[in-house]
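Read through the structure below, which is laid out as structure tokens, and then see the notes.
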Amino acid sequence: MTVLITGGAGYIGSLTARLIRASGRATVILDTLENGHRKAVGDAPFVQGDVADSSLVERICSEHGVDEVVHFAAYKAVGESMSNPEKYFNNNVIGSQKLFGALNNAGVERVVFSSTAAVYGTPSTVPVRETDPLHCESVYAETKLMIENTLRWYAQTTPMRHACLRYFNAAGASDDATLGEDWRFSQNLIPHVMKAVLGHSPVLQVFGNDFPTPDGTGVRDYIHVEDLARAHVAALDYLSAGNESITCNVGTGHGTSVLEIIAATERISGKKVPHEIVARRPGDPSQCYADAGLITEKFDWSPQRNLDDIISSAYAWHSSHPQGHDS
Ligand code: UD1
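Position 19, counted from 1, in the sequence shown is what the working numbering calls 1423; the numbers after and before it change by one each time, with no gaps.
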């Protein structure tokens, strides 16, 4: 079995690619390297190119005997998607549609797709279930939902089956601190906390402490990127066993506040996280965490790492890679 991994040179993609190989499957990675990093691929088969290049995708599928795909390649900056929607619709949606067409021509029948909990928008109740209303609040989220819907139609009209994984907040680094996120390009909380504790930014801004949460700061479901990677292997196993298409949350089911992240970082690093409370960030929900019942029921998967593992792996990675893979 060979798995084509689009975006396999990125943060979640590179870690997942490594785990898929460790689980006994061959891989081939397709990445433009616009946001990914060649070093993150190691010596695995790699093609630099775009998912929208249908003839390239079909050639890769036939040359490598691809029968499964994990599709990560996409732009993911929420703010940028609102200022440049065309970039996101073209790359994420049209790129994915071209990809699925090429995969269908090549006879590929199993696709795991990297979706997002952002499709729920501001949830009216937590924990969030897959059957709850969808309410995209950004172009980025809408592009992911459009791709989910495209896969749903492929499942109805062709032999192609899918697992759409709605990630909650991916965080942390590989257990061996060799793969992680480049904080220079991330807007997310934990890279910002790491910058502050390691002295690469003067102060962390905490966006609001007047939310209706136990300590007033925003609550999210942080999922260790190694656990997230394991969910993709479980999804491939689920589809290979002949099961029907599925869309499921990938989260821990537990919420953690910004102040709890800061406290854990201070305890693990032994250093203060300089921070200040500022105004809420527009559009931030007060709390969002997963009902993880479906994934734990359907897949051979449950999270194996906790918040301390997230913080300690992020701390080890960022300490040793202040320039990401360019370090
Ligand atoms: C964000 C995106 C979401 C995307 C997800 C994963 C928005 C509105 N949502 O989710 O679409 O799927 O990242 O990439 O952009 N915080 C601070 N200070 C900071 C950064 C964050 O206090 O410097 C707080 C936020 O207010 C929030 C929590 O930390 O309460 C997590 O924020 P973040 O890591 O940006 O993730 P989300 O907003 O949940």
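Note that beta-carbon positions come from the ideal geometry of N, C-alpha and C, so glycine has one too.
Heavy atom of the ligand UD1 within 7 Å of residue i beta-carbon
{"i": "Cys1465", "result": "no"}
{"i": "Gly1655", "result": "no"}
{"i": "Ser1542", "result": "yes"}
{"i": "Arg1570", "result": "no"}
{"i": "Cys1652", "result": "no"}
{"i": "Gly1499", "result": "no"}
{"i": "Asp1579", "result": "no"}
{"i": "Lys1480", "result": "yes"}
{"i": "Gly1620", "result": "no"}
As assigned by DSSP and simplified to three states, the class of residue i
{"i": "Asp1435", "result": "strand"}
{"i": "Asn1573", "result": "strand"}
{"i": "Ser1558", "result": "Before going further, note that residue 1558 is Tyr rather than Ser in the sequence given. Correct three-state label for Tyr1558: helix."}
{"i": "Asp1631", "result": "helix"}
{"i": "Glu1472", "result": "strand"}
{"i": "Ser1706", "result": "coil"}
{"i": "Val1455", "result": "coil"}
{"i": "Tyr1415", "result": "helix"}
{"i": "Ser1542", "result": "coil"}
{"i": "His1636", "result": "helix"}
{"i": "Trp1582", "result": "Checking the displayed sequence, the identity of residue 1582 turns out to be Thr instead of Trp. In the structure shown, Thr1582 sits in coil (DSSP, three-state: anything other than H, G, I, E or B)."}
{"i": "Ala1694", "result": "strand"}
Per-residue burial, residue i [other beta carbons within 10 Å of its own, 16 or more giving buried]
{"i": "Thr1562", "result": "exposed"}
{"i": "Lys1548", "result": "buried"}
{"i": "Trp1587", "result": "buried"}
{"i": "Ala1645", "result": "exposed"}
{"i": "Ser1528", "result": "exposed"}
{"i": "Gly1469", "result": "exposed"}
{"i": "Phe1450", "result": "buried"}
{"i": "Arg1442", "result": "exposed"}
{"i": "Asp1580", "result": "exposed"}
{"i": "Glu1490", "result": "exposed"}
Any C-beta of chain D under 8 Å from that of residue i
{"i": "Ser1528", "result": "Structure shown: chain D not included; a single protein chain is present."}
Extent of the continuous alpha helix (DSSP H) to which residue i belongs
{"i": "Leu1501", "result": "Reading the sequence as shown, one finds Gln at residue 1501 and not Leu. 1499-1509 is the extent of the alpha helix (DSSP H) around Gln1501."}
{"i": "His1722", "result": "1711-1724"}
{"i": "His1596", "result": "1593-1601"}
{"i": "Ser1673", "result": "1662-1673"}
{"i": "Val1482", "result": "1482-1487"}
Residue range of the unbroken beta strand (DSSP E) whose run includes residue i
{"i": "Ser1649", "result": "Segment: none, Ser1649 is in no beta strand (DSSP E) and carries neither H nor E."}
> Does the pairing of the region 1509-1520 with the region 1636-1647 give three or more beta-carbon distances under 8 Å?
Replying inline: Taking 8 Å as the limit for Cβ pairs, the verdict is that the region 1636-1647 does touch the region 1509-1520.
> Just checking, does the region 1582-1602 make contact with the region 1714-1724 on the three C-beta pairs under 8 Å criterion?
Replying inline: With three or more CB-CB distances shorter than 8 Å, the region 1582-1602 counts as touching the region 1714-1724.
> Quick one: any contact between the region 1695-1704 and the region 1646-1653, if contact means 3 or more CB pairs under 8 Å?
Replying inline: Short answer: they touch.
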